[in-house]
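Working notes, structure below.
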Amino acid sequence: MLILTRRPGEAIRIGDNIRLVVLQSAPGKVRLGIEGPLDLRILREELYTQISQGNQAAVAPQGLSLAQWVSGSVDAPVDAPVDAPVDLPPHGESS
Amino acid sequence: MEVATRFGLLPVGQHQIWTVSSPLPGFETLQRFVLIGVQTERPFLWLQSIDDAGVSFLLAPAAHFGLRYARIDAQSLPMVMVLLPTQSGQPLRAHGQAPLVFDAQLGQFEQHIVEASEMEGDGVFAPLAEVLVPPGLMSRLLVLNPQ
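The structure is reproduced here in structure tokens:
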């Protein structure tokens, strides 16, 4: 990890188009300003972690049908596979 | 190409492949997906990873969970991942702070990350009478018909 010391009003450049400015520092807290491209995703790490955990919780397990999830009867024993058997459309077809 | 999915091996056309514009948090190595719609499962769709057959998400329009976002145009019909219940009697809930917006023209989607203060709604499944589908999405959907 690169470690730099900055004072309020001083900045750090990351690459060509990201500028990180120390706006204010106080005991136990620092206030930062970030300039960068509009499409650059900037998040507090705890929010990123929360979303990551939510995404992982949203992975659909195998072995239950959508009907069981919707009806709330997820404890019912099932015979795998239970996802809807399907007729495949011809290759590449969409509706 | 043939893709391993939760429904088995399926033929997927190039136009049915979606790429994620920024990696999904928690799944940074997954880039390509296919959207699968089962005729009898509307308004739900499946977002199946092409890069990892074991990863699929159940999606539905955020509106079916009563969710509205301050900084996302409602006309783009954001979708949400569905958090599936692990015990009987639990309702379907949305992963509401991370809606997905699909751009059918580019064949890309993005997961927005939203502060709790930028959204409204409880995120509990309450289906609307009207089945909402994001604009243009049908043209890139892999549709399956139950037997």
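From first to last, the protein sequence lines are chains D and V. For the first sequence, the numbering used here assigns the number 8 to the initial residue and increments by one for each residue that follows. For the second sequence, the numbering used here assigns the number -8 to the initial residue and increments by one for each residue that follows. Idealized CB from N, CA, C, for every residue including glycine.
Practice task
Would you kindly check if the distance between the Cβ of V/Val3 and the Cβ of V/Arg62 is under 9 Å?
Solution key: Within the second sequence, the letter at position 71 stands for residue 62 of chain V. Within the second sequence, the letter at position 12 stands for residue 3 of chain V. Judged by beta-carbon spacing, V/Val3 lies beyond the 9 Å limit of V/Arg62, meaning their Cβ atoms are not closer than that value.
Practice task
Quick one: which unbroken alpha helix (DSSP H) runs of 4-plus residues sit fully inside the segment 43 to 82 of chain D? Chain order, please.
Solution key: As far as the segment 43 to 82 of chain D is concerned, its whole alpha helix (DSSP H) runs of at least 4 residues are 52 to 64 and 73 to 78.
Handout entry: Straight-line Cα distance separating V/Asp113 from V/Leu97
Key = Taking the first residue of the second sequence as position 1, residue 97 of chain V is located at position 106. Taking the first residue of the second sequence as position 1, residue 113 of chain V is located at position 122. The alpha-carbon atoms of V/Leu97 and V/Asp113 are separated by roughly 31 Å.
Handout entry: Residue environment, V/Val(-6), which counts as buried when at least 16 other CB atoms sit within 10 Å
Key = The sequence position of residue -6 of chain V within the second sequence is 3, counting from 1. By the neighbour-count rule (16 or more Cβ atoms within 10 Å), V/Val(-6) is buried.
Handout entry: Cβ-based contacts, 7 Å cut-off: residues of the segment 107 to 137 of chain V near chain D
Key = Here the close residues are Met129, Ser130, Arg131, Leu132, Leu133, Val134, Leu135, Asn136 and Pro137.
Practice task
Work out the CA separation of D/Asp23 and D/Leu47 for me, nearest whole Å.
Solution key: For the purposes of this step, residue 47 of chain D is identified with residue 40 of the first sequence, where counting begins at 1. For the purposes of this step, residue 23 of chain D is identified with residue 16 of the first sequence, where counting begins at 1. Those two C-alpha atoms are separated by around 13 Å.
Problem - Beta-carbon proximity list for D/His98, same chain, < 8 Å, skipping 5 on both sides - result: Here residue 98 of chain D corresponds to residue number 91 of the first sequence, with the count starting at 1. Because the pLDDT of D/His98 is 40, which lies under 50, any placement of that residue in the model is unreliable, and the question is left without a value.
Exercise for the section: Check the Cβ of V/Leu74 against every Cβ in chain D and list those closer than 9 Å, keeping chain order. Expected result: The residue given as residue 74 of chain V occupies position 83 in the second sequence. Those within 9 Å of V/Leu74 in chain D are Gly61, Ala64 and Ala65.
Problem - beta strand (DSSP E) segment containing D/Arg14, residue limits - result: Within the first sequence, the letter at position 7 stands for residue 14 of chain D. Counting along the chain, D/Arg14 falls outside any beta strand (DSSP E), and DSSP gives it neither H nor E.
Practice task
For V/His55, count neighbouring Cβ atoms within 10 angstroms of its own Cβ and tell me buried if that reaches 16, exposed if not.
Solution key: Locating residue 55 of chain V in the second sequence gives position 64, where the first residue counts as 1. Buried: at least 16 other Cβ atoms inside 10 Å.
Exercise for the section: Give me whichever residues DSSP pairs with V/Phe116 in a beta bridge. Expected result: By one-based count along the second sequence, residue 116 of chain V stands at place 125. According to DSSP, V/Phe116 bridges with nothing at all.
Exercise for the section: Look at the alpha carbon of D/Ser72 and the alpha carbon of V/Ala107, and state the distance between them as a whole number of angstroms. Expected result: For this step, residue 72 of chain D is matched to residue 65 along the first sequence. For this step, residue 107 of chain V is matched to residue 116 along the second sequence. Cα to Cα, D/Ser72 sits roughly 31 Å from V/Ala107.
Handout entry: Contact with chain V by D/Pro44, beta-carbon distance below 9 Å
Key = In the first sequence, counting from the first residue as 1, residue 44 of chain D sits at position 37. No - not a single Cβ of chain V is within 9 Å of the one on D/Pro44.
Exercise for the section: Name, please, each residue of chain D whose Cβ falls closer than 8 Å to the Cβ of V/Ala89. Expected result: Counting from 1 along the second sequence, the entry for residue 89 of chain V is found at position 98. Contacts between V/Ala89 and chain D, judged by CB atoms closer than 8 Å, involve Ile58, Gly61 and Asn62 in chain order.
Problem - Buried/exposed call for V/Ser130, threshold 16 Cβ in 10 Å - result: Start at 1 with the first residue of the second sequence, and residue 130 of chain V comes out as number 139. Classification of V/Ser130: exposed, given that the 10 Å Cβ count is below 16.
Problem - Environment of V/Thr20 [buried if 16+ CB atoms lie within 10 Å] - result: Reading the second sequence from its first residue, position 29 is the one you call residue 20 of chain V. Using a 10 angstroms sphere on the CB of V/Thr20, the tally of other CB atoms stays under 16, which defines it as exposed.
Practice task
Within its chain, find whatever has a CB closer than 6 Å to the CB of V/Ala53; leave out the 5 residues flanking it on each side and keep chain order.
Solution key: Here the question's residue 53 of chain V lines up with position 62 in the second sequence. Residues of the same chain with a CB within less than 6 Å of the CB of V/Ala53, apart from the 5 flanking positions on each side, are Pro69, Val71 and Pro90 in chain order.
Handout entry: In DSSP terms, what V/Thr10 is bridged to
Key = Taking the second sequence and counting its residues from 1, one reaches residue 10 of chain V at position 19. For V/Thr10, the pairing in a beta bridge is given by DSSP as V/Arg23 and V/Gln99.
Practice task
Taking V/Gln30 and V/Leu132 to be in contact with their CB atoms under 8 Å, please state how far apart those CB atoms are, rounded to whole angstroms.
Solution key: To locate residue 30 of chain V, count along the second sequence from 1; it is residue 39. To locate residue 132 of chain V, count along the second sequence from 1; it is residue 141. Not quite, the Cβ-Cβ distance comes to about 11 Å (not below 8 Å), so this is no contact.
Practice task
If I'm right that V/Pro82 touches V/Phe48 with Cβ under 8 Å, what's the distance once you round it to whole angstroms?
Solution key: One-based indexing of the second sequence puts residue 82 of chain V at position 91. One-based indexing of the second sequence puts residue 48 of chain V at position 57. With 8 Å as the limit, V/Pro82 and V/Phe48 do not qualify as a contact, their Cβ atoms being about 18 Å apart.
Practice task
Would you mind sorting D/Leu8 into buried or exposed? The rule is 16 or more other CB atoms within 10 Å of its CB.
Solution key: Here residue 8 of chain D refers to the residue found at position 1 of the first sequence. Reading the sequence as shown, one finds Met at residue 8 of chain D and not Leu. Label assigned to D/Met8: exposed.
Problem - Amino acids of chain D, ordered along the chain, whose beta-carbon sits closer than 9 Å to that of V/His86 - result: Sequence index remark: in the second sequence, residue 86 of chain V carries index 95 (1-based). Residues of chain D passing the Cβ test: Ile58, Gly61, Asn62, Ala64 and Ala65.
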